[in-house]
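Residue numbers (the working numbering): 1 to 112. For every residue, glycine included, the Cβ atom is placed at its ideal position computed from N, Cα and C. This structure is a prediction, so every number in the text was calculated from the model and none was measured.
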Amino acid sequence: MRTIDEHPVRRDVPRLFIPGPVEVEEEILQAMTRPMIGHRAPEFTVLGEALHRDSKRFFRTENPVYILTSSGTGGMETAVRNGVRENVLCFVNGAFSDRFYKVCVANGKNAT
Numbered sequence: 001m002r003t004i005d006e007h008p009v010r011r012d013v014p015r016l017f018i019p020g021p022v023e024v025e026e027e028i029l030q031a032m033t034r035p036m037i038g039h040r041a042p043e044f045t046v047l048g049e050a051l052h053r054d055s056k057r058f059f060r061t062e063n064p065v066y067i068l069t070s071s072g073t074g075g076m077e078t079a080v081r082n083g084v085r086e087n088v089l090c091f092v093n094g095a096f097s098d099r100f101y102k103v104c105v106a107n108g109k110n111a112t
């Protein structure tokens, strides 16, 4: 497996910074054909530790990096339940911010 520093930049494929669909590199498609790793297997622990370490390097931070295995809405709910006590100010200017507002209200927060 290559590290972040060893990953080549491909110029022949458009770089789409959108939720999806996006172009998936052949290396990733091939990796997805391998058997799954059980979440209690030693290999999963090794993979998770490497992912956290490399994520910190990628984001250039020493702070904790939280990796969620949920949908975007699940991530919003995680943030609201763990990061908002009572009040939250939401700027609704599209579908995703509207979803965030609704997640806040659904979780009993005073959202404006």
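From the DSSP secondary-structure annotation, give me the bridge partner or partners of residue i.
| i | result |
| --- | --- |
| alanine 111 | Val88 |
Where does the unbroken alpha helix (DSSP H) through residue i begin, and where does it stop?
| i | result |
| --- | --- |
| isoleucine 28 | 26-31 |
| glycine 75 | 72-83 |
| glycine 38 | It is not in any alpha helix (DSSP H) - glycine 38 carries neither H nor E in the DSSP assignment. |
| aspartate 12 | First-last for aspartate 12: undefined, no H or E at that position. |
| arginine 99 | 95-106 |
| proline 42 | 42-59 |
Report, in whole angstroms, the separation of the C-beta atoms of residue i and residue j, which I expect to be a contact under 8 Å.
| i | j | result |
| --- | --- | --- |
| serine 55 | valine 65 | 4 Å |
| alanine 95 | cysteine 104 | That belief does not hold up - the Cβ atoms of alanine 95 and cysteine 104 are roughly 15 Å apart, past 8 Å. |
| arginine 81 | asparagine 63 | With 8 Å as the limit, arginine 81 and asparagine 63 do not qualify as a contact, their Cβ atoms being about 20 Å apart. |
| leucine 51 | isoleucine 28 | Contact flag wrong, Cβ pair sits at about 14 Å. |
Tell me whether residue i is buried or exposed, calling it buried when 16 or more other Cβ atoms sit within 10 Å of its Cβ.
| i | result |
| --- | --- |
| phenylalanine 17 | exposed |
| valine 92 | exposed |
| valine 88 | buried |
Short of 8 Å in beta carbon distance, which residues of its chain neighbour residue i, apart from the five on each side in sequence? Order them along the chain.
| i | result |
| --- | --- |
| isoleucine 37 | Glu43, Phe44, Leu47 |
| methionine 32 | none |
| threonine 73 | Arg99, Val103 |
Within the same chain, show all residues whose beta-carbon is closer than 7 Å to that of residue i, passing over the 5 residues directly before and after it, in chain order.
| i | result |
| --- | --- |
| glutamate 77 | Val103, Asn107 |
| phenylalanine 100 | Met76, Cys90 |
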